[in-house]
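Notes to accompany the following structure.
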Amino acid sequence: MTTIPTTKNPAAGLGRDGALRRFEDVREMLPDIDNPTPMLRVARVMPETAPPLYLKLEWLNPFGSIKDRTAAYLLADLEERGLLAGREIVEASSGNTAIALAALAALTGTHVTVTIPDGVPVEKQVLLRMLGAEVWPTPDDLCPVDNPKDGAIALARSLAASFGGSRYVMPDQYGNPANVTAHYETTGPEIWRQTEGRVRAFVAGYGTCGTITGVGRFLKEQDSSIRVIAVEPQKGHRLPGLKSFAEASIPSILDTGVIDEVIRVDDGPAYEMTKRLFREEGLMVGPSTGAIVHAASTLTGDGPVVGVSPDSGLKYASYFADILGNEGQPTL
């Protein structure tokens, strides 16, 4: 039997070394300006008339999406305000924020309940359950709200108010300014640094609106001529993580003053571009990335343009199976 040589302090481990990409805790892998997510140019799917597009590959975050940033800031905000001690977390989410919240909360033994729209892919629901979260698939019209697409949000807020507020606390990604701060302090500065200040436009989807508000605000403070472009799906869409404000309430954290243009995208072009990103760029991205890249492909003018790739396509295999039908299956 081989004996492993002992060190002076075996319990100390190797220690964190960012240059070696070695970490002692998964939270150390969260992105910041010194540990940014990669930025990759996509050219094969873009028309020659479009400015160069670079995607911020947020699915390479430790919990698989851009919402890792949001979740970390939301939890820090709750702790700083003394709202987390002795309470469970309840949050409405289309999956990504909840996954990151559940993973981070698991490190401290905090229980998480997620109200999730019942059309969210089963892959996300299974991941949440694997992380120990309690998952409540929620019909859009379960709770009486002003807008019929906000049932999961209404239910989460109802649970947060139950038991006199003593059992649950809700991070509230749709209304908590910490969501914006996460992107103002990390995503925005990363983009500015990675493009060496040459970014001319930023493209992101309407969802909770923390990303587009935080990044847009930061970039415009650096150069007010940078265009900030929002991508909005059509009513009745099937693009998880994105919101059509024709059928959902506008989040209170959205700062419309940083938005220069809104491009509306149908499901068809979004999924077609997602397929092209898989097959022509080798990028296994989610459908919201397809919507964002499709919108960017319609732009003209100077570049570079930076778009967000919020999450991986691995969470949408069941959706893609519906889109593909029998494509790729052997025929005899």
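For the sequence shown, this note's numbering begins at 1 and goes up steadily by one.
Virtual Cβ for every residue (Gly too), placed ideally from N, Cα, C.
C-alpha gap between K275 and S288, whole angstroms: Their Cα atoms are separated by approximately 12 Å.
Integer-rounded CB distance, given that V308 should sit under 8 Å from K56: Contact between K56 and V308 is confirmed by a C-beta separation of about 5 Å, below the 8 Å threshold.
Residues of its chain near D33, where Cβ-Cβ distance is below 8 Å and the 5 sequence neighbours each way are ignored: Per the sequence shown, residue 33 should be read as Ile rather than Asp. Excluding residues within five positions, the ones whose Cβ falls inside 8 Å are T186, P189, E190 and R193.
Same chain only: Cβ atoms within 7 Å of R16, ignoring 5 sequence neighbours per side: Counting only residues of its own chain and dropping the five nearest sequence neighbours on each side, R16 has a CB closer than 7 Å to the CB of R22, F23, E24 and E28.
Range covered by the alpha helix (DSSP H) that runs through P31: Segment: none, P31 is in no alpha helix (DSSP H) and carries neither H nor E.
CB-CB length for M170 against V90, believed under 8 Å: Sure, about 5 Å apart at Cβ, within 8 Å.
Closest by C-alpha distance to C209, when choosing among G175, V122, S312 and V199: Ranking the options by Cα distance to C209, first place goes to G175.
Span of the beta strand (DSSP E) around K56: Element bounds for K56: L53 to L57.
Alpha carbon of L20 to alpha carbon of P304, nearest angstrom: Going from the Cα of L20 to the Cα of P304 covers about 30 Å.
Identified DSSP bridge partners for P137: DSSP lists I116 as partners of P137.
Extent of the continuous alpha helix (DSSP H) run through R41: Where R41 is concerned, there is no enclosing alpha helix (DSSP H), although the beta strand (DSSP E) it sits in stretches over M39 to V42.
T181 Cβ short of 8 Å to the ligand ATP heavy atom set: Ligands are entirely absent from the displayed structure, and the ligand ATP is therefore not among its contents.
V45 (DSSP reduced to helix, strand or coil): In the structure shown, V45 sits in coil (DSSP, three-state: anything other than H, G, I, E or B).
Close beta carbons around G313, own chain, < 6 Å, minus the five adjacent residues each side: Result list for G313: M284, V285 and G286, in chain order.
Other residues of its chain near L83: CB distance less than 6 Å, five sequence neighbours each side excluded: Once the five neighbours on either side are set aside, the close Cβ partners of L83 are V169.
P251 versus G268, Q173 and V199, residue with shortest Cα-Cα distance: For the residues G268, Q173 and V199, the minimum Cα distance to P251 belongs to Q173.
R279 burial status per 10 Å Cβ neighbour count (16 or more: buried): It counts as exposed.
Rounded distance between the beta-carbons of A296 and L107, thought under 8 Å: Taking the Cβ atoms as the reference, L107 lies roughly 36 Å from A296, outside the contact range of under 8 Å.
Among F320, P310, G268 and S318, the one whose alpha carbon lies nearest that of N61: Nearest C-alpha to N61: P310.
First through last residue of the beta strand (DSSP E) which encompasses R264: First-last of the beta strand (DSSP E) with R264: E261 to V265.
Best match in G197, P36 and A178 for proximity to G214 [C-alpha to C-alpha]: Measuring from the Cα of G214, the nearest candidate turns out to be A178.
Minimum length 4: unbroken alpha helix (DSSP H) runs contained in the region 67-127: Counting only unbroken stretches of 4 or more residues, the alpha helix (DSSP H) elements lying wholly within the region 67-127 are 67-80 and 96-106, in sequence order.
9 Å Cβ cutoff met for H237 and P269: No; because the gap between Cβ atoms is not below 9 Å, this pair is not in contact.
Under the three-state DSSP convention, the category S288 falls into: DSSP places S288 in helix when its eight states are reduced to three.
Of the residues N35, S94 and G151, the one placed nearest E123, counting alpha carbons only: When C-alpha distances from E123 are compared across N35, S94 and G151, the shortest belongs to S94.
With 16 other Cβ atoms within 10 Å as the buried cut-off, status of A163: The displayed chain sequence assigns Phe, not Ala, to residue 163. Exposed: under 16 other Cβ atoms inside 10 Å.
Limits of the unbroken beta strand (DSSP E) element including P189: No beta strand (DSSP E) holds P189; the alpha helix (DSSP H) holding it covers G188 to Q194.
Distance, M46 Cα to G282 Cα: Spanning the two alpha carbons is a distance of roughly 14 Å.
Neighbourhood of P159 by C-beta, 6 Å cutoff - its chain only, sequence neighbours within 5 removed: Reading off the sequence shown, one finds Leu at residue 159, where the question assumed Pro. These residues qualify, in order along the chain: V90 and Y168.
C-beta atoms of A201 and A230 nearer than 9 Å: No, the Cβ-Cβ distance between A201 and A230 is not below 9 Å.
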